[in-house]
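Trainee: The opening position of the sequence shown corresponds to residue 1 in UniProt numbering, with each subsequent residue numbered one higher.
All C-beta atoms, glycine included, are put in the ideal place defined by N, C-alpha and C.
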Amino acid sequence: MMNFIFFFLVSFFLFWNKKSYWFFLGVLILSLFMLSSQSTFLVYYKDLGNFSLDVYGVSLMILSLWISLLMYMSSTGVYKMYNSSSLLIFWFCVYFLCGVLLLTFMTSNYFFFYFFFEISLIPTLLIILGWGYQPERLQAGIYFLFYTLGASLPLLFMLMYTETNLGSFSMNFDFNLKFNSFNFLIFIFMYFAFLVKLPMFFTHLWLPKAHVEAPVAGSMILAGVLLKLGGYGIYRLLSLYNEGLIFYGCYFYGLSILGMVYVGFMCCRLNDLKALVAYSSVAHMGMVICGLVSFYMWGLSGSLMMMISHGLSSSGLFCAVNFYYERLGSRSFFLNKGLIKYLPIFSLFFFCLCVSNMAGPPTMNLMSEIFLMISMMKFDYLMLFFFPLGSFLGAVFTLILFSFSQHGSSYNFIYSYVNSEFREFHLFILHLLPLNLIFLKFNFVIWLI
Numbered sequence: 001m002m003n004f005i006f007f008f009l010v011s012f013f014l015f016w017n018k019k020s021y022w023f024f025l026g027v028l029i030l031s032l033f034m035l036s037s038q039s040t041f042l043v044y045y046k047d048l049g050n051f052s053l054d055v056y057g058v059s060l061m062i063l064s065l066w067i068s069l070l071m072y073m074s075s076t077g078v079y080k081m082y083n084s085s086s087l088l089i090f091w092f093c094v095y096f097l098c099g100v101l102l103l104t105f106m107t108s109n110y111f112f113f114y115f116f117f118e119i120s121l122i123p124t125l126l127i128i129l130g131w132g133y134q135p136e137r138l139q140a141g142i143y144f145l146f147y148t149l150g151a152s153l154p155l156l157f158m159l160m161y162t163e164t165n166l167g168s169f170s171m172n173f174d175f176n177l178k179f180n181s182f183n184f185l186i187f188i189f190m191y192f193a194f195l196v197k198l199p200m201f202f203t204h205l206w207l208p209k210a211h212v213e214a215p216v217a218g219s220m221i222l223a224g225v226l227l228k229l230g231g232y233g234i235y236r237l238l239s240l241y242n243e244g245l246i247f248y249g250c251y252f253y254g255l256s257i258l259g260m261v262y263v264g265f266m267c268c269r270l271n272d273l274k275a276l277v278a279y280s281s282v283a284h285m286g287m288v289i290c291g292l293v294s295f296y297m298w299g300l301s302g303s304l305m306m307m308i309s310h311g312l313s314s315s316g317l318f319c320a321v322n323f324y325y326e327r328l329g330s331r332s333f334f335l336n337k338g339l340i341k342y343l344p345i346f347s348l349f350f351f352c353l354c355v356s357n358m359a360g361p362p363t364m365n366l367m368s369e370i371f372l373m374i375s376m377m378k379f380d381y382l383m384l385f386f387f388p389l390g391s392f393l394g395a396v397f398t399l400i401l402f403s404f405s406q407h408g409s410s411y412n413f414i415y416s417y418v419n420s421e422f423r424e425f426h427l428f429i430l431h432l433l434p435l436n437l438i439f440l441k442f443n444f445v446i447w448l449i
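1. Could you pull out every residue in the same chain whose Cβ sits closer than 7 Å to the Cβ of C430, ignoring the five residues on either side in sequence?
2. Looking at F402: is its Cβ nearer than 8 Å to the Cβ of F334?
3. Quick one: what's got a C-beta closer than 6 Å to R236's C-beta in the same chain, skipping five residues either side?
4. For H204 versus A223, is the C-beta distance shorter than 8 Å?
5. Evaluate contact between the segment 182-201 and the segment 145-157, counting only Cβ atoms and requiring at least three cross-stretch pairs below 8 Å.
6. Between which two residues does the alpha helix (DSSP H) containing F318 stretch?
7. Quick one: what does DSSP say S108 is sitting in, helix, strand or coil?
8. Suppose the cutoff is 6 Å on Cβ atoms and the five residues either side in sequence are ignored; what does the same chain contact list for F116 look like?
9. When DSSP labels each residue in this structure, what does F51 get in the three-state scheme?
10. Please give me, in chain order, every unbroken run of the alpha helix (DSSP H) with length at least 4 that falls completely inside the segment 209-295.
11. Only counting runs of 4 or more residues, tell me where the alpha helix (DSSP H) segments fall wholly within the segment 317-402, in order along the chain.
12. What is the C-beta distance between I122 and G141, in whole angstroms, given that I count them as a contact (C-beta under 8 Å)?
13. Using the rule of at least 16 other Cβ atoms within 10 Å of the residue's Cβ for burial, across every protein chain shown, is Y381 buried or exposed?
14. Alpha carbon to alpha carbon, how far is V216 from S86?
15. According to DSSP, is I170 helix, strand or coil?
16. I need the DSSP call for P135, collapsed to helix, strand or coil.
17. Would you identify the three-state DSSP class for S74, choosing helix, strand or coil?
18. In chain order, what residues of the same chain lie with their CB nearer than 7 Å to the CB of Y191, ignoring the 5 residues before and after it?
19. In this structure, how does DSSP classify L60 when only helix, strand and coil are distinguished?
20. Return the CA-CA distance between K46 and S108, expressed in angstroms with no decimal places.
21. Could you compute how far the alpha carbon of G264 sits from the alpha carbon of T124?
22. Taking just the CA atoms, how far does N322 sit from T363?
23. Would you check if the distance between the CB atom of L226 and the CB atom of A278 is smaller than 8 Å?
24. From the DSSP output, in three-state form, read off T148 for me.
25. Look at the alpha carbon of F113 and the alpha carbon of M160, and state the distance between them as a whole number of angstroms.
26. Are the beta-carbon atoms belonging to S52 and I308 less than 8 Å from one another?
27. With the cut-off set at 8 Å, would you say F201 and G132 are in Cβ contact?
28. Excluding the 5 residues preceding and the 5 following M358 in the sequence, name in chain order all residues of the same chain whose CB lies nearer than 6 Å to its CB.
29. I'd like to know whether the C-beta atoms of L292 and G231 end up nearer to each other than 8 Å.
30. Looking at the structure shown, is H407 part of a helix, part of a strand, or coil, going by DSSP?
31. Can you tell me the Cα-Cα spacing of L273 and T164, whole angstroms?
32. Taking three-plus beta-carbon pairs below 8 Å as touching, is the segment 339-346 in contact with the segment 246-259?
33. Rounded to whole angstroms, what's the CA-CA distance from Q406 to C354? Just pull it up for me.
34. Rounding to the nearest angstrom, what Cα-Cα distance links M305 and L185 in this structure?
35. Flag this pair as yes or no: are the beta carbons of E136 and E213 separated by less than 8 Å?
36. Restricting to Cα atoms, I'd like to know which of P154, I221, S315, K337 is closest to V94.
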């Protein structure tokens, strides 16, 4: 692990050269191979003091590197519209964000985790404000900044208070603080920052605005990795206030389930392709919350699989929607119709991504929902009605997304449609291969159970 950290940090200072694009891709690919070549995921490394690795951290680190690699391949609009200096700043923001995410998933210190958690806001905000498509990106950036920063500031004070009582910021100890009325406030403030980041229903207003106004690279990293910081933070806090989570986790559970159902109905009436994909993230992250607060290993394993599978499927859907937007200049269902007649192979890949988004076999989404349903059966049998309803609505609005955009009568000006590129097929394949093949290698998830 030390070799990996040293390689990534040293390459950061060699970034500014004339071939930064290929340099960045080379660094990401080499980092991905170095990280995935670890002999085992299951050893908890403690040789670096404040940094360590476990199955959650390594899985999300590989996801971060993979999505960052795909971000660069999808951002051709940035290459065509901006000059070389703007491109260098864009590449620097993406590279810096990737490094911060890797350090966030590696740290075993609560204070360092908070520090890297907050630093990730800066490059994300710069990407939204600097390379967004519409003037409304300023409002979206303000929503994103104040929601996430305002919710996470109390987390810093609560961590400081906890450290004064425990004498350590380390995540390697099982503290299990006694629960009382004052610790209840600490519990709420600490978990609220991560529930906003996921986001949980009622705290999700910043997410659709940020997604709709962000460039394709911003949407991919936001849906693919940044939302998972919230789930990862909840997982790391399970050892602190698990007694409070046992008492009050049922409220988070209920809100998440109701949010899944409500968002599912709302997605059925949206007419914006990108907004529909963005709102579907709220439903999927609600499943992650249910798995984490259930305190069953089935739920923890299902949450990890859901975060990885959602990161790949939502990133692929945002990428596909951007391909159509580059050709038509619109994300509306009223203009994006009958696309299967002009790009049939695109429609095949788009259908595969939609199948993954609605948890169809043999994707990892299906396995994650099965794991989560088992944990919900153990938690409360009443949830067996609401969870399948939310999953069914997810399939309904995903089929609406595919059928309304690919079928129907198209407009006349679409006959000047631009042909597809090899880069776009490459992006589809790199999204779909992990989703459909990673279930063959699940010994690290079985270890969790």
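Mentor: Quick look at the numbers:
1. A small correction: the amino acid at residue 430 is Leu; Cys does not occupy that position in the sequence shown. For L430, where only same-chain residues beyond five positions count, the Cβ hits under 7 Å are L70.
2. no
3. M171
4. no
5. Yes, since at least three Cβ pairs between the segment 182-201 and the segment 145-157 fall closer than 8 Å, the two stretches touch.
6. 297-328
7. If DSSP states are grouped into helix, strand and coil, S108 belongs with coil.
8. V100, L103, T104
9. strand
10. 216-221, 228-237, 242-267, 273-293
11. 344-357, 364-379
12. Not a contact, Cβ separation roughly 11 Å.
13. Taking all protein chains shown into account, Y381 has fewer than 16 neighbouring C-beta atoms within 10 Å of its C-beta and is therefore exposed.
14. Distance between the alpha carbons of V216 and S86: 16 Å.
15. Sequence inspection shows Ser at residue 170; the Ile mentioned does not correspond to that position. If DSSP states are grouped into helix, strand and coil, S170 belongs with the strands.
16. coil
17. DSSP places S74 in helix when its eight states are reduced to three.
18. I234, L237
19. helix
20. With a pLDDT of 48 at K46, under the threshold of 50, the modelled position of that residue is not reliable, and the figure given next carries that caveat. Going by the C-alpha atoms only, they are around 9 Å apart.
21. 27 Å
22. If you take the alpha carbons of T363 and N322, they lie about 23 Å apart.
23. Not a contact, by the Cβ cut-off of 8 Å.
24. helix
25. F113 and M160 have their C-alpha atoms roughly 13 Å apart.
26. Not in contact: S52 and I308 (Cβ atoms no closer than 8 Å).
27. no
28. G394, A395, T398
29. In terms of Cβ geometry, L292 and G231 form a close pair [threshold 8 Å].
30. coil
31. 49 Å
32. no
33. 12 Å
34. For M305 and L185, the gap between their C-alpha atoms comes out near 31 Å.
35. yes
36. Closest by alpha carbon: I221.
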